[in-house]
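Enquirer: Please find one structure pasted underneath; my questions will follow.
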Amino acid sequence: MKRIMRRNTLILLFALAFIGGIGFFSFELIVNAEAWVDQPYNAHVSGSGGLEQAGVIYDRSGYILAETVDGDRVYNDNSSVRRGLLHTVGDNSLNISTAVQSKYRSQLSGYSLIWGLNMPQSMRISHDITLTVDASTCAAAYDALAAYGKKGACVVYNYKTGEVLCSVSTPGYDPANPPEINESNEDQYDGVYLDNVLSSSYAPGSIFKIVTSAAAMENMSDLYTRTWNCTGQKEIGGHMVTCTETHGEIDYKTAMSHSCNIVFAEIAVELGRDVMNETAGKMGINKSYEVDDVKTAKGHFDVTDANDNQLAWSGIGQYDDAVNPMQMAVLCGAIGNGGKAVNPTYIKDGSGDLLKLIGFNKPKEYDLINSNTASQLDDVMRYTVRDYYSYQRSGLFEGLSVCAKTGTAEVGEDKKPNAWMVGYSQDEDAPLAFACVVEDSGYGFEYACPVADVAMKYAAACLRNGG
Amino acid sequence: MPDLSFIFDAGVVALRVLLPVYAIVIVYQCYAAMRRRRRTEKPLVTLCNMKTGSVIPILFWENSIGRSKGSDVVVSDLAVSRNHCVLLRRKEGWFITDVGSTGGTFVNGVPIEGRAQVLINDVITIGSTDFEFRRGEEFQAPLKSSWFFQKVSNKPAIKAWKLMLMVTLFHFFMAVEAMYWNDGTNPQSPLILFGALAAVEWGFFCVSYFALRRVNFELEALALFLTGIGVMILVRQVERSAYIQLIAAAVGMVMFCVIIKLIEDPDKISRFRFPMMIVAVGLLLTSILFGKITKGAANWIYIGSFSFQPSELVKIIYIFIGAGTLDKLQTKKSLIEFIIFSMICVGLLALMGDFGTALIFFVTFLLIAFMRSGDIKTIILAVAAAAFGVTFVLRFKPYVADRFKAWRHVWEYAQAEGYQQTHVLTFIASGGLFGVGVGNGFLKQVAASESDLVFGLVAEEMGIIVAITIALSVALLVIYSRAITTRSRSTFYSISAGCAAGLLVVQLSLNIFGATDILPLTGVTFPFISCGGSSIMSVWGLIAFIKAADERTYSIKR
Numbered sequence: 000m001k002r003i004m005r006r007n008t009l010i011l012l013f014a015l016a017f018i019g020g021i022g023f024f025s026f027e028l029i030v031n032a033e034a035w036v037d038q039p040y041n042a043h044v045s046g047s048g049g050l051e052q053a054g055v056i057y058d059r060s061g062y063i064l065a066e067t068v069d070g071d072r073v074y075n076d077n078s079s080v081r082r083g084l085l086h087t088v089g090d091n092s093l094n095i096s097t098a099v100q101s102k103y104r105s106q107l108s109g110y111s112l113i114w115g116l117n118m119p120q121s122m123r124i125s126h127d128i129t130l131t132v133d134a135s136t137c138a139a140a141y142d143a144l145a146a147y148g149k150k151g152a153c154v155v156y157n158y159k160t161g162e163v164l165c166s167v168s169t170p171g172y173d174p175a176n177p178p179e180i181n182e183s184n185e186d187q188y189d190g191v192y193l194d195n196v197l198s199s200s201y202a203p204g205s206i207f208k209i210v211t212s213a214a215a216m217e218n219m220s221d222l223y224t225r226t227w228n229c230t231g232q233k234e235i236g237g238h239m240v241t242c243t244e245t246h247g248e249i250d251y252k253t254a255m256s257h258s259c260n261i262v263f264a265e266i267a268v269e270l271g272r273d274v275m276n277e278t279a280g281k282m283g284i285n286k287s288y289e290v291d292d293v294k295t296a297k298g299h300f301d302v303t304d305a306n307d308n309q310l311a312w313s314g315i316g317q318y319d320d321a322v323n324p325m326q327m328a329v330l331c332g333a334i335g336n337g338g339k340a341v342n343p344t345y346i347k348d349g350s351g352d353l354l355k356l357i358g359f360n361k362p363k364e365y366d367l368i369n370s371n372t373a374s375q376l377d378d379v380m381r382y383t384v385r386d387y388y389s390y391q392r393s394g395l396f397e398g399l400s401v402c403a404k405t406g407t408a409e410v411g412e413d414k415k416p417n418a419w420m421v422g423y424s425q426d427e428d429a430p431l432a433f434a435c436v437v438e439d440s441g442y443g444f445e446y447a448c449p450v451a452d453v454a455m456k457y458a459a460a461c462l463r464n465g466g
Numbered sequence: 000m001p002d003l004s005f006i007f008d009a010g011v012v013a014l015r016v017l018l019p020v021y022a023i024v025i026v027y028q029c030y031a032a033m034r035r036r037r038r039t040e041k042p043l044v045t046l047c048n049m050k051t052g053s054v055i056p057i058l059f060w061e062n063s064i065g066r067s068k069g070s071d072v073v074v075s076d077l078a079v080s081r082n083h084c085v086l087l088r089r090k091e092g093w094f095i096t097d098v099g100s101t102g103g104t105f106v107n108g109v110p111i112e113g114r115a116q117v118l119i120n121d122v123i124t125i126g127s128t129d130f131e132f133r134r135g136e137e138f139q140a141p142l143k144s145s146w147f148f149q150k151v152s153n154k155p156a157i158k159a160w161k162l163m164l165m166v167t168l169f170h171f172f173m174a175v176e177a178m179y180w181n182d183g184t185n186p187q188s189p190l191i192l193f194g195a196l197a198a199v200e201w202g203f204f205c206v207s208y209f210a211l212r213r214v215n216f217e218l219e220a221l222a223l224f225l226t227g228i229g230v231m232i233l234v235r236q237v238e239r240s241a242y243i244q245l246i247a248a249a250v251g252m253v254m255f256c257v258i259i260k261l262i263e264d265p266d267k268i269s270r271f272r273f274p275m276m277i278v279a280v281g282l283l284l285t286s287i288l289f290g291k292i293t294k295g296a297a298n299w300i301y302i303g304s305f306s307f308q309p310s311e312l313v314k315i316i317y318i319f320i321g322a323g324t325l326d327k328l329q330t331k332k333s334l335i336e337f338i339i340f341s342m343i344c345v346g347l348l349a350l351m352g353d354f355g356t357a358l359i360f361f362v363t364f365l366l367i368a369f370m371r372s373g374d375i376k377t378i379i380l381a382v383a384a385a386a387f388g389v390t391f392v393l394r395f396k397p398y399v400a401d402r403f404k405a406w407r408h409v410w411e412y413a414q415a416e417g418y419q420q421t422h423v424l425t426f427i428a429s430g431g432l433f434g435v436g437v438g439n440g441f442l443k444q445v446a447a448s449e450s451d452l453v454f455g456l457v458a459e460e461m462g463i464i465v466a467i468t469i470a471l472s473v474a475l476l477v478i479y480s481r482a483i484t485t486r487s488r489s490t491f492y493s494i495s496a497g498c499a500a501g502l503l504v505v506q507l508s509l510n511i512f513g514a515t516d517i518l519p520l521t522g523v524t525f526p527f528i529s530c531g532g533s534s535i536m537s538v539w540g541l542i543a544f545i546k547a548a549d550e551r552t553y554s555i556k557r
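Here the protein sequences come in this chain order: A and B.
Numbered per numbering that gives the first Met the number 0, the first sequence spans residues 0 to 466.
Numbered per numbering that gives the first Met the number 0, the second sequence spans residues 0 to 557.
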């Protein structure tokens, strides 16, 4: 009998293993429940793309962006608002996976781990979500951007609080009247489900001179005293590096404001691969940011295997450099914020995120740039706008002290360059950072700048009116 | 005036919150009652070493005596064999059997042949040691009992009829929920099913209480509780299956009573061994010859519209043949018989080609082999197990590979191999802690939701708390069967109960973890809950072994 007892103990271990397995499953359930619930076949959240029971989505001032009326999902009555916020709010198809309606479908429908789904109708509590975006800013920025008929993105965010005020991506469509995409129009809608603000990366061109500048500020003691000579082109590493103009004898600050390629190409080569790699790495170029559970597209900078000519081009944002619009906005925001970056968010209130409720998931802050470098960049980027851009366009960023840099990135093939403008305002009452990109267009100042101008003015007005 | 529909809805939600708590209370009451009405831990008799005067308490109904450390009575005397003899208690008194010792066993100086009765004050001689057989009362030192039976309060256990009332009420609440969530057709059908269920439950209770005069009903109450959940959950899915399930459960209850009666006398069991083997082989042969081949496996027999899986019943016979009384276990003949029988079963199962069944058989074989083996026999059995394993792997390799493909990657195969598991996970999460209401789930639209995926079905409709509670209530039978091991009337009962409980846990694990993608999906049933006539019958058959192992079953009458 004793022997049997001892052997029975082994069977007891089976039971303990089973209890352990149940524990493991419970853990998996708690961690993944929301992802498991958000499935297209889940009939508990069916109808209108699973939004039949979804709550209201508001903008920061309480305008209704999307709501459910009698089982139908209804979007804002202004067409520009609808199109401008398509990639942020989403539509019934749930094809835009980074949009709030896709990401938070279960929370919008009132899902909770405790109650599950499908409470009786009269007791159902659907959750409303308030976004940080401003409807009119997005509408205006979208109209300005969409006028080019090109792919592009524009984002404006408050670099003190992390709140995104404007986030638009083209091409777009009207969620109230979604197009049927077929062979005849697929070119027009190529990449339409992608939010370019978060999920695309582009060759940066001259906006990358911000990173090269930072490397120079930290590693060249005579940066402000020496001069370079620009003859419009220069042979580096056996091949030519070209400039847009012949700047002649030029100092660093003028080179930045006039965006002289030769100076920055020479700086990059002089600093060398390790310094450039290290600075770009420190400033988060190769990093992905987590914005409300969405990972942004990573940028790219790696000159480990580049030859001297490629190293030279990499310093002016060509070679195989790439950056993401949201990433650039965060970088510019960090410059304006004395080196501290605040992680962006689209959610003002009510995502039902338990971790956020208990304050675990509050906006993250981290040091992205050394504060001394940040103040030097602040100075030179302010100089660029005040003493150069402002003379070329009257009323540019009127009412704001903006620091910025434009970029015109050659992408080769038969495409026109990517137009870029990134920057931020110094104003205490409107601490806004922005990034704007227009693909296949032309000069940054000509194409990206007008969109950024509109977005910044509207966003600043919104903040100043107490929104 | 307040909105009436709101009050009604609030009532239904309150019921959904109440049910999990209620389920926990029922399971707790069943287990609490299992600990009660136990005899106190006292030696039955004692053996007094006549040379040294030391007194050895005899605690069990069957005791092995020998030099081996694993013996119940260890005699450190070089003239004693490792396994010398077995001292047994039977209704007629105490007996001693020699199990092939070199020196032989003597009672009052006379060498024994076969089984010899021992009376109080008789002298038993083993090797060069003499023992005087004495009464148990003379032993005064305190003895430690299993923790399961310790600190039992003096409060009497819940009365059997009260426990039954609680169980029935739980099923009634399920019927109410199913009535609420209906699509307008047959609003009364859950109530009718509940009526039939209650009739079966109370009918069984009355038979047990009045005809068989059993005092204890907690194991049966637990089984009825689980069976009833399995039946009621079907009411909004396939109502007809619910009735078939109920009828099969009733047949299972009859089997339960018959098996307990059949194995009442542990010494007479060996008479049934051979006929049982014939029946088992016959059943397996029938399914090979007449079975309908589905998904490459000839496991089902169709009689009219009623399908039947004979291999489920063979499981019970297998345990029956594998277990044995302590004196029989220590002889080689029964072992060889068992191995030959196993080989035949393996061969037939390989012909049949059902992965889930073969797996369960393999586990049963390992359990039995492990429980009964000892010393040299372990080696023989290990070889047999290896042969079993090789056959198994060769036969089922293609199926196994297929099932492992999507394992832990179900979301990548959500429309193919992972279809069932992803749906289970989605709907379990949709159910939350308290479920969406009986009959209101969507997992029921997925194939095999009432059998292979039933854990998901219960979790979706009644909440994860109920699902886990019923799973644990089955798993905890292992603790119960282990606690009663040393108090069983024979090793036959303790081995068969341990195997039955172990088998239930293995089935439970394969079912739950298969459906939730923690293990590969194998198509094994959830004991008591899964829909399937032969499955429910075999589960009732299995718990008969656990019931029989509890000494109260035969010794106490009302």
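Glycine included, each C-beta is placed from N, C-alpha and C at the ideal position.
Taking Cβ-Cβ distances shorter than 9 Å, what residues in chain A pair up with B/E460?
Expert: Stepping through the second sequence from its first residue, residue 460 of chain B is reached at position 461. Per Cβ cutoff of 9 Å: no residues; B/E460 is ~10 Å from chain A at best.
Enquirer: Measure the C-alpha to C-alpha separation of B/A458 and B/L424 and round it to an integer number of angstroms.
Expert: In the second sequence, counting from the first residue as 1, residue 458 of chain B sits at position 459. In the second sequence, counting from the first residue as 1, residue 424 of chain B sits at position 425. Looking at the two C-alpha atoms, the distance is approximately 10 Å.
Enquirer: Rounded to the nearest angstrom, what separates B/K314 and B/T363 at their Cα positions?
Expert: Residue 314 of chain B sits at position 315 when you count from the first residue of the second sequence. Residue 363 of chain B sits at position 364 when you count from the first residue of the second sequence. Distance between the alpha carbons of B/K314 and B/T363: 8 Å.
Enquirer: Closer than 7 Å by C-beta to B/N439: which residues in its own chain qualify, once you throw out the five before and the five after it? Chain order, please.
Expert: Here the question's residue 439 of chain B lines up with position 440 in the second sequence. W180 and E460.
Enquirer: Closer than 8 Å is the cut-off here; do at least three beta carbon pairs connect the stretch 19 to 28 of chain B with the stretch 466 to 477 of chain B?
Expert: Yes: the two stretches touch, three or more of their Cβ pairs being nearer than 8 Å.
Enquirer: Compile a chain-ordered list of the residues in the stretch 315 to 348 of chain B whose CB is closer than 8 Å to at least one CB of chain C.
Expert: Among the protein chains of the structure shown, namely A and B, there is no chain C.
Enquirer: Please state the DSSP three-state secondary structure of A/L354.
Expert: Along the first sequence, read from residue 1 onward, the residue named residue 354 of chain A stands at position 355. Legend: pLDDT at A/L354 = 42, less than 50; position of this residue unreliable, value from coordinates given subsequently. Here A/L354 sits in helix by DSSP.
Enquirer: Please list, in chain order, all residues of the same chain as B/L507 whose beta carbon is under 7 Å from its beta carbon, the five residues on each side excluded.
Expert: The residue you call residue 507 of chain B lines up with position 508 of the second sequence. Contacts found: A470, V473, A474, F525 and P526.
Enquirer: Cβ atoms of A/L462 and A/A429: under 8 Å apart, would you say?
Expert: Taking the first residue of the first sequence as position 1, residue 429 of chain A is located at position 430. Taking the first residue of the first sequence as position 1, residue 462 of chain A is located at position 463. In this structure, A/L462 lies closer than 8 Å to A/A429 by Cβ.
Enquirer: Among B/A249, B/H170 and B/S429, which residue has its Cα nearest to the Cα of B/V206?
Expert: Reading the second sequence from its first residue, position 207 is the one you call residue 206 of chain B. Looking at the Cα atoms, B/A249 is the closest of the given residues.
Enquirer: Spatial neighbours of B/Y208 within its chain, please: CB distance less than 6 Å, with the 5 preceding and 5 following residues excluded, ordered by chain position.
Expert: For the purposes of this step, residue 208 of chain B is identified with residue 209 of the second sequence, where counting begins at 1. Around B/Y208: no qualifying Cβ.
Enquirer: Evaluate contact between the stretch 54 to 71 of chain B and the stretch 81 to 96 of chain B, counting only Cβ atoms and requiring at least three cross-stretch pairs below 8 Å.
Expert: The stretch 54 to 71 of chain B vs the stretch 81 to 96 of chain B: in contact.
Enquirer: Using 8 Å as the threshold, is the C-beta distance between A/N308 and A/V274 below it?
Expert: Counting from one through the first sequence, the residue named residue 308 of chain A turns up at place 309. Counting from one through the first sequence, the residue named residue 274 of chain A turns up at place 275. Not in contact: A/N308 and A/V274 (Cβ atoms no closer than 8 Å).
Enquirer: Specify, as a first and last residue, the run of the beta strand (DSSP E) that A/H238 falls within.
Expert: As a first step, residue 238 of chain A is located in the first sequence; it is residue number 239 there, counting from the start. Run containing A/H238: H238 to T241, per the beta strand (DSSP E) assignment.
Enquirer: Using a Cβ-Cβ distance under 8 Å, would A/V30 count as near chain B?
Expert: Counting from one through the first sequence, the residue named residue 30 of chain A turns up at place 31. Judged by the 8 Å Cβ criterion, A/V30 is not in contact with chain B.
Enquirer: Measure the alpha-carbon distance for A/K1 versus B/K158 and round it to whole angstroms.
Expert: If you number the first sequence from 1, residue 1 of chain A lands on position 2. If you number the second sequence from 1, residue 158 of chain B lands on position 159. Rounded to the nearest angstrom, the two C-alpha atoms are 33 Å apart.
Enquirer: Who are the neighbours of A/M4 on chain B, taking C-beta pairs under 7 Å?
Expert: Taking the first sequence and counting its residues from 1, one reaches residue 4 of chain A at position 5. By Cβ distance, chain B contributes T484 and T485.
Enquirer: Go through its chain and collect everything with a Cβ distance to B/W410's Cβ below 7 Å, but skip five positions before and after it.
Expert: As a first step, residue 410 of chain B is located in the second sequence; it is residue number 411 there, counting from the start. The residues are G417 and T421.
Enquirer: Could you check whether A/K208 and A/G298 sit closer than 8 Å to each other, using their CB atoms as the reference points?
Expert: As a first step, residue 298 of chain A is located in the first sequence; it is residue number 299 there, counting from the start. As a first step, residue 208 of chain A is located in the first sequence; it is residue number 209 there, counting from the start. No, the pair does not count as a contact, with Cβ atoms beyond the cut-off.
Enquirer: Under the rule that 16 or more other beta-carbon atoms within 10 Å means buried, what is B/P274, buried or exposed?
Expert: To locate residue 274 of chain B, count along the second sequence from 1; it is residue 275. Exposed is the call here.
Enquirer: What would DSSP say about A/F359, mapped onto helix, strand or coil?
Expert: Taking the first sequence and counting its residues from 1, the one referred to as residue 359 of chain A is at position 360. Per-residue confidence for A/F359 stands at a pLDDT of 49, beneath the threshold of 50, marking its modelled position as unreliable; no derived number is given.
Enquirer: Would you mind sorting B/Y50 into buried or exposed? The rule is 16 or more other CB atoms within 10 Å of its CB.
Expert: If you number the second sequence from 1, residue 50 of chain B lands on position 51. A quick correction: the sequence has Lys, not Tyr, at residue 50 of chain B. Classification of B/K50: exposed, given that the 10 Å Cβ count is below 16.
Enquirer: Is the distance from the Cβ of B/M231 to the Cβ of B/A177 below 8 Å?
Expert: Here the question's residue 231 of chain B lines up with position 232 in the second sequence. Here the question's residue 177 of chain B lines up with position 178 in the second sequence. Cβ distance < 8 Å, so B/M231 and B/A177 count as in contact.
Enquirer: Just checking, does the stretch 232 to 246 of chain B make contact with the stretch 280 to 291 of chain B on the three C-beta pairs under 8 Å criterion?
Expert: In short, these stretches do not touch, since the Cβ pair count stays below three.
Enquirer: Is the distance from the Cβ of B/A279 to the Cβ of B/I339 below 8 Å?
Expert: On the second sequence, residue 279 of chain B is found 280 positions in, with the first residue counted as 1. On the second sequence, residue 339 of chain B is found 340 positions in, with the first residue counted as 1. Their beta carbons are not under 8 Å apart, which means B/A279 does not touch B/I339 by this criterion.
Enquirer: What did DSSP end up calling A/T405 once you bin it into helix, strand or coil?
Expert: By 1-based counting over the first sequence, the position of residue 405 of chain A is 406. The answer is strand: DSSP assigns A/T405 an E or B state.
Enquirer: Are the Cβ atoms of B/R530 and B/G229 separated by less than 8 Å?
Expert: If you number the second sequence from 1, residue 530 of chain B lands on position 531. If you number the second sequence from 1, residue 229 of chain B lands on position 230. Note that residue 530 of chain B is Cys in the sequence shown, not Arg. The answer is yes: Cβ separation under 8 Å.
Enquirer: Residue ranges of each beta strand (DSSP E) run of no fewer than 3 residues wholly in the stretch 217 to 295 of chain A, ordered along the chain?
Expert: Fully enclosed beta strand (DSSP E) runs of 3 or longer: 226 to 229, 232 to 235, 238 to 241 and 247 to 250.
Enquirer: Under a CB-based cut-off of 8 Å, is B/G108 close to chain A?
Expert: Here residue 108 of chain B corresponds to residue number 109 of the second sequence, with the count starting at 1. Not one chain A Cβ lies under 8 Å of B/G108.
Enquirer: Figure out for me which residue from A/N417, A/N342 and A/A65 has the closest Cα to the Cα of A/L107.
Expert: Start at 1 with the first residue of the first sequence, and residue 107 of chain A comes out as number 108. Measuring from the Cα of A/L107, the nearest candidate turns out to be A/A65.
Enquirer: Please confirm whether A/Q106 has its beta-carbon closer than 8 Å to some beta-carbon of chain B.
Expert: Numbered from its first residue, the first sequence carries residue 106 of chain A at position 107. So, not an interface residue.
Enquirer: For A/N157, collect the residues of the same chain with a Cβ closer than 7 Å to its Cβ; drop the 5 residues on either side in sequence, then sort them by chain order.
Expert: The residue given as residue 157 of chain A occupies position 158 in the first sequence. L164, P430 and L431, listed in sequence order.
Enquirer: Indicate whether at least one CB of chain B lies closer than 8 Å to the CB of A/G280.
Expert: The sequence position of residue 280 of chain A within the first sequence is 281, counting from 1. No - not a single Cβ of chain B is within 8 Å of the one on A/G280.
Enquirer: What whole-angstrom Cβ distance do A/I284 and A/V322 have, given they're in contact under 8 Å?
Expert: Within the first sequence, residue 284 of chain A is the residue found at index 285, counting from 1. Within the first sequence, residue 322 of chain A is the residue found at index 323, counting from 1. That pair is a contact at about 6 Å.
Enquirer: Look at B/S489 and B/T330 and say whether their C-beta atoms are less than 8 Å apart.
Expert: The sequence position of residue 489 of chain B within the second sequence is 490, counting from 1. The sequence position of residue 330 of chain B within the second sequence is 331, counting from 1. No, the pair does not count as a contact, with Cβ atoms beyond the cut-off.
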